[in-house]
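Asker: Protein chains in written order, with UniProt numbering: chain A, 1 to 691; chain B, 1 to 174.
Positions of the beta carbon are idealized from the N, C-alpha and C atoms, including for glycine.
Keep in mind that this is a model prediction, so the values were computed, not measured.
(1) Can you grab the Cα-Cα spacing for the pair residue 236/A / residue 222/A, in whole Å?
(2) I believe residue 412/A touches residue 419/A by the beta-carbon criterion, under 8 Å. Please report the beta-carbon distance rounded to the nearest angstrom.
(3) Only counting runs of 4 or more residues, tell me where the alpha helix (DSSP H) segments fall wholly within the stretch 455–525 of chain A, in order along the chain.
(4) Counting contacts by CB-CB distance shorter than 8 Å, is residue 91/B in contact with chain A?
(5) To the nearest angstrom, how far is it from the Cα of residue 11/A to the Cα of residue 43/A?
(6) Anything in the stretch 46–74 of chain B with a Cβ closer than 9 Å to a Cβ of chain A? List those residues in chain order, please.
(7) Identify the continuous alpha helix (DSSP H) that holds residue 64/A and give its terminal residues.
(8) Between residue 52/A and residue 165/B, what straight-line distance do the alpha-carbon atoms span, to the nearest angstrom?
(9) What are the boundary residues of the beta strand (DSSP E) that residue 264/A is part of?
(10) Helix, strand or coil: which one does DSSP assign to residue 570/A?
(11) Could you check how far apart the C-beta atoms of residue 483/A and residue 337/A are, in whole angstroms? I think they sit under 8 Å.
(12) Determine the direct distance from the alpha carbon of residue 277/A to that of residue 160/A, and round the result to whole angstroms.
(13) With DSSP run on the structure shown, which of helix, strand or coil describes residue 283/A?
(14) Could you please give me the residues that DSSP links to residue 293/A through a beta bridge?
(15) Given that residue 324/A touches chain B, what residues does it touch there, using C-beta distances under 9 Å?
(16) Taking beta-carbon pairs under 8 Å, can you tell me which members of the stretch 24–47 of chain B lie near chain A?
(17) What does residue 169/B touch in chain A if you count any residue whose Cβ is under 8 Å from its own?
(18) If you count every other CB in all the chains shown that lies within 10 Å of the CB of residue 436/A, and 16 or more means buried, which is it?
(19) How many angstroms separate the CA atom of residue 185/A from the CA atom of residue 122/A?
(20) Alpha carbon to alpha carbon, what distance is there between residue 459/A and residue 658/A?
(21) Could you tell me if residue 351/A is buried or exposed, where buried requires 16 or more neighbouring beta carbons within 10 angstroms of its beta carbon?
(22) Does the stretch 94–105 of chain A come close enough to the stretch 206–213 of chain A that 3 or more CB-CB pairs lie under 8 Å?
(23) Residue 101/B touches chain A at which residues, Cβ-Cβ below 9 Å?
(24) Tell me whether residue 146/B sits in a helix, a strand or coil according to DSSP, three-state version.
(25) On the CB-based measure, 16 or more other CB atoms within 10 Å of its CB, does residue 82/A come out buried or exposed?
(26) From what residue to what residue does the alpha helix (DSSP H) around residue 662/A run?
(27) How many whole angstroms separate the CB atoms of residue 70/B and residue 34/B, which I take to be in contact at a CB cut-off of 8 Å?
(28) So residue 608/A and residue 518/A are in contact, right, with Cβ under 8 Å, and what is the actual spacing, rounded?
(29) Taking just the CA atoms, how far does residue 305/A sit from residue 159/B?
(30) Measuring alpha carbon to alpha carbon, tell me which residue in 444/A, 438/A, 367/A and 358/A is nearest residue 404/A.
(31) When burial is assigned at 16 or more other CB atoms within 10 Å of the CB, is residue 176/A buried or exposed?
(32) Any idea what DSSP makes of residue 215/A, helix, strand or coil?
(33) Since residue 611/A sits in a beta bridge, which residues does DSSP pair it with?
(34) Check this for me: beta carbons of residue 569/A and residue 345/A, under 8 Å apart or not?
(35) If you pair each beta-carbon of the stretch 87–96 of chain A with each one of the stretch 67–76 of chain A, do three or more pairs fall below 8 Å?
(36) Between which two residues does the alpha helix (DSSP H) containing residue 88/B stretch?
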């Protein structure tokens, strides 16, 4: 004679349960802590495949647990649950756990006494869930309990496989009878081996008619939740409590039970793994039986205590979106570019000077590449004509006349909240745009701010609409040895280029290059101003409206913006980074394939500049040397800036002629007749270099 | 011969019939496949099955019980069935792609991103783990002419990589 040992259920929570709980807590429960009815599901299928899988029986809860009607799938036994969701962690910790489980147990007792459990024996399968949902952190504290009466002791007299007590034919009859039962009657039912043959009954049908003398012929069946057929689910104790209430004469008697167990043999489901038990029931009165209840679940450390589920990664939409964005990029690593360094891009800080069509296009393409730090600078507000071309703005922004830099920074976060974006509204001082006395201090502050912004970023994009506004950032970036990506638009043409990286007194390095190619190393690549022999002056003077605004074919800015980002990305991924040399060819007969050996960059060529023309849909990749008398990047200019700083800059703002003096251009112009050179246009240059 | 030749891909209707048959077989042997239908969607039919399995924890030798939820749905753009799944621990937290990769020995030395991926469920449009779909058409092709249920045939090939082993009962039907 031995005391029965029991197997307790373990909880298994579908992520959708936490999702639904969060939703209900916010919209329905709010501060209400009353117990809520929920459903739990015990999958019968787990028992069937237990031989190859997990031996622990699990009770599942999911989003449908909160439905009023149970999900009536054949493969589940339903469990009745009570959810106590507390409002604070303290209440969760401090509430009286004993009282709680006794309360749920008490309600089982009440339903046994009222006869409700007799009609719906699934009530005997009950659980409770104590929880606290920290909705900000997506942390869920929880503790499951599977209440059973503590004082109820059942002794095992004997056990044997079902086929030793029943013929195969009768066992099959039991299985068929089981299948005829309503789902909520399948967990506990009766088998009576009467004179007229074997019959399967619900408890409500027959239990009240049973007398002491019938006992040898009666089998009290319970659907065993233990996947090991030799052990028994703890809920048997609730069953016995009901049996003792309905049939008091069973006290102290030896009674037949069947631990019902479905299993699969090839394509047939049978109950042949079920086990018959002879059990001796206790002799105790109702009240002592049901005053104390036990059954709290142990946590992962095997202790009686709550568990914590951290669902931030599964539920926080912000994290989900960040992971999805990153993963999408990681797909490049499959086959296309296995060596790409995505973290390098993610950590690159980009400064966008100008937040118009180009700025918006650049920002969105950067976002696509997983860049997380984007700073916008602009001096104007969103106007009614902007939103159709400038992809970060909406009509509403123009109604509210929002500063562009702020609107861009704000709107890009709406597209992807994982981005770290900020906007600065400021006008970049320009050569030839005279600074009046009253403006001197403000200009100085702006210059200081710009210096600081360039210092705190890795890649500087020049995306303004005027030529002279590019001068100061070109100079400052040069002085700080930051790489500049420059995009400029014509009506149907564009120029995208990277500036060379300033190295003091750089000497030309001879580099290997394949037949048909020439090469310029990173330190000797020109800037936007290198091809000019005049200083940028105020271009807004004497201009008609169409010349003042950038009137362009709408697609040009999208193309140029995208190219600027792609060029920057290729550069960042190059093994020499911003110092990558630029290869260029003057022959059309040379294929870029020849370069792959000598210029090992995982994304291919890193040109110096890209010039495109929509009128002919052509694109060229010229490269130009740094010009020794350049007004923005020559040694003389940089030295002068480094020595005189703000004084030099103010002088340039007041007169662009000063630049030409410092760069010794004035002298050169006197000596040579530059008439012809000044006529030399971009188009001429390109057609030359491409032929 | 004729029938085999004219079918070069699995239509959404044929897919629907195949998964319907899977559920019928499953019902008879209580295998747990359930039909889900999202109305107003051309490919709204898909089947779902849950399964609890022990998975090796990557840190130590201990085993963690995890629940797999398998979905077999139809991708309209590729015209192929998709096997996607999510895996969660008993507390409801999902396993990440990397986390699952480490504990799945079936993948051997292959490149993670070539084998396993995260993609949107073709019907639910939510992120799920999935076996890389590139080869699906190739695998499917070999069964289209010969199998009575190409979806089952395909599942028996790809399922075992992610602990989904179809019983013999299904194989009899294809």
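Answerer: On the basis of the coordinates in this document:
(1) Within the first chain, numbered from 1, the residue matching residue 236/A stands at position 236. Within the first chain, numbered from 1, the residue matching residue 222/A stands at position 222. Whole-angstrom Cα-Cα distance: 7 Å.
(2) As a working note, residue 412/A is residue 412 in the first chain. As a working note, residue 419/A is residue 419 in the first chain. At roughly 6 Å, the Cβ-Cβ gap stays under 8 Å, so residue 412/A and residue 419/A are in contact.
(3) 471–479
(4) On the second chain, position 91 is the one that residue 91/B refers to. Interface residue, yes.
(5) For this step, residue 11/A is matched to residue 11 along the first chain. For this step, residue 43/A is matched to residue 43 along the first chain. Each residue's alpha carbon lies about 12 Å from the other.
(6) 49, 50, 51, 52, 53, 54, 63, 65, 66, 67 and 69
(7) Counting from 1 along the first chain, the entry for residue 64/A is found at position 64. Here residue 64/A belongs to no alpha helix (DSSP H), and DSSP marks it neither H nor E.
(8) Along the first chain, one-based indexing puts residue 52/A at 52. Along the second chain, one-based indexing puts residue 165/B at 165. Low confidence applies here, because residue 52/A scores a pLDDT of 48, under 50, leaving its location unreliable; read the following figure in that light. Looking at the two C-alpha atoms, the distance is approximately 11 Å.
(9) To locate residue 264/A, count along the first chain from 1; it is residue 264. Its beta strand (DSSP E) spans residues 263–265.
(10) Mapped onto the first chain, residue 570/A falls at position 570. Correct three-state label for residue 570/A: helix.
(11) Counting from one through the first chain, the residue named residue 483/A turns up at place 483. Counting from one through the first chain, the residue named residue 337/A turns up at place 337. Rounded, the Cβ-Cβ distance is 21 Å, inconsistent with contact.
(12) Numbered from 1 along the first chain, position 160 holds the residue referred to as residue 160/A. Numbered from 1 along the first chain, position 277 holds the residue referred to as residue 277/A. Taking the straight line from one Cα to the other gives about 7 Å.
(13) Counting from 1 along the first chain, the entry for residue 283/A is found at position 283. If DSSP states are grouped into helix, strand and coil, residue 283/A belongs with coil.
(14) Numbered from 1 along the first chain, position 293 holds the residue referred to as residue 293/A. Answer is 149/A, bridged to residue 293/A.
(15) In the first chain, counting from the first residue as 1, residue 324/A sits at position 324. Here the neighbours are 118, 120 and 127.
(16) 27, 28, 29, 30, 31, 32 and 34
(17) Here residue 169/B corresponds to residue number 169 of the second chain, with the count starting at 1. Under the 8 Å cutoff, chain A gives 266 and 267.
(18) Translated into positions along the first chain, residue 436/A becomes position 436. Exposed: under 16 other Cβ atoms inside 10 Å.
(19) Taking the first residue of the first chain as 1, we reach residue 185/A at position 185. Taking the first residue of the first chain as 1, we reach residue 122/A at position 122. Looking at the two C-alpha atoms, the distance is approximately 7 Å.
(20) Numbered from 1 along the first chain, position 658 holds the residue referred to as residue 658/A. Numbered from 1 along the first chain, position 459 holds the residue referred to as residue 459/A. If I take the Cα positions, the gap works out to 29 Å.
(21) The residue you call residue 351/A lines up with position 351 of the first chain. So residue 351/A ends up on the buried side.
(22) no
(23) In the second chain, the residue the question calls residue 101/B occupies position 101. By Cβ distance, chain A contributes nothing, its closest Cβ being about 12 Å from residue 101/B, past 9 Å.
(24) On the second chain, residue 146/B is found 146 positions in, with the first residue counted as 1. Coil, per DSSP.
(25) Stepping through the first chain from its first residue, residue 82/A is reached at position 82. Buried, by the Cβ-count rule.
(26) For this step, residue 662/A is matched to residue 662 along the first chain. That run of the alpha helix (DSSP H) goes 657–662.
(27) Locating residue 70/B in the second chain gives position 70, counting from the first residue. Locating residue 34/B in the second chain gives position 34, counting from the first residue. 11 Å between Cβ atoms; not a contact.
(28) Translated into the one-based positions of the first chain, residue 608/A becomes position 608. Translated into the one-based positions of the first chain, residue 518/A becomes position 518. Contact flag wrong, Cβ pair sits at about 11 Å.
(29) On the second chain, position 159 is the one that residue 159/B refers to. On the first chain, position 305 is the one that residue 305/A refers to. Rounded to the nearest angstrom, the two C-alpha atoms are 38 Å apart.
(30) As a working mapping, residue 404/A is identified with position 404 in the first chain. Of 444/A, 438/A, 367/A and 358/A, the residue nearest in Cα terms is 358/A.
(31) In the first chain, residue 176/A corresponds to position 176, counting from 1. Looking at its Cβ environment, which holds fewer than 16 other Cβ atoms inside 10 Å, residue 176/A is exposed.
(32) As a first step, residue 215/A is located in the first chain; it is residue number 215 there, counting from the start. DSSP places residue 215/A in helix when its eight states are reduced to three.
(33) Residue 611/A sits at position 611 when you count from the first residue of the first chain. Its beta-bridge partners are 495/A and 620/A.
(34) As a working mapping, residue 569/A is identified with position 569 in the first chain. As a working mapping, residue 345/A is identified with position 345 in the first chain. Yes, the Cβ-Cβ distance between residue 569/A and residue 345/A is below 8 Å.
(35) no
(36) Taking the second chain and counting its residues from 1, the one referred to as residue 88/B is at position 88. First-last for residue 88/B: 80–88, but that is the beta strand (DSSP E), not the alpha helix (DSSP H).
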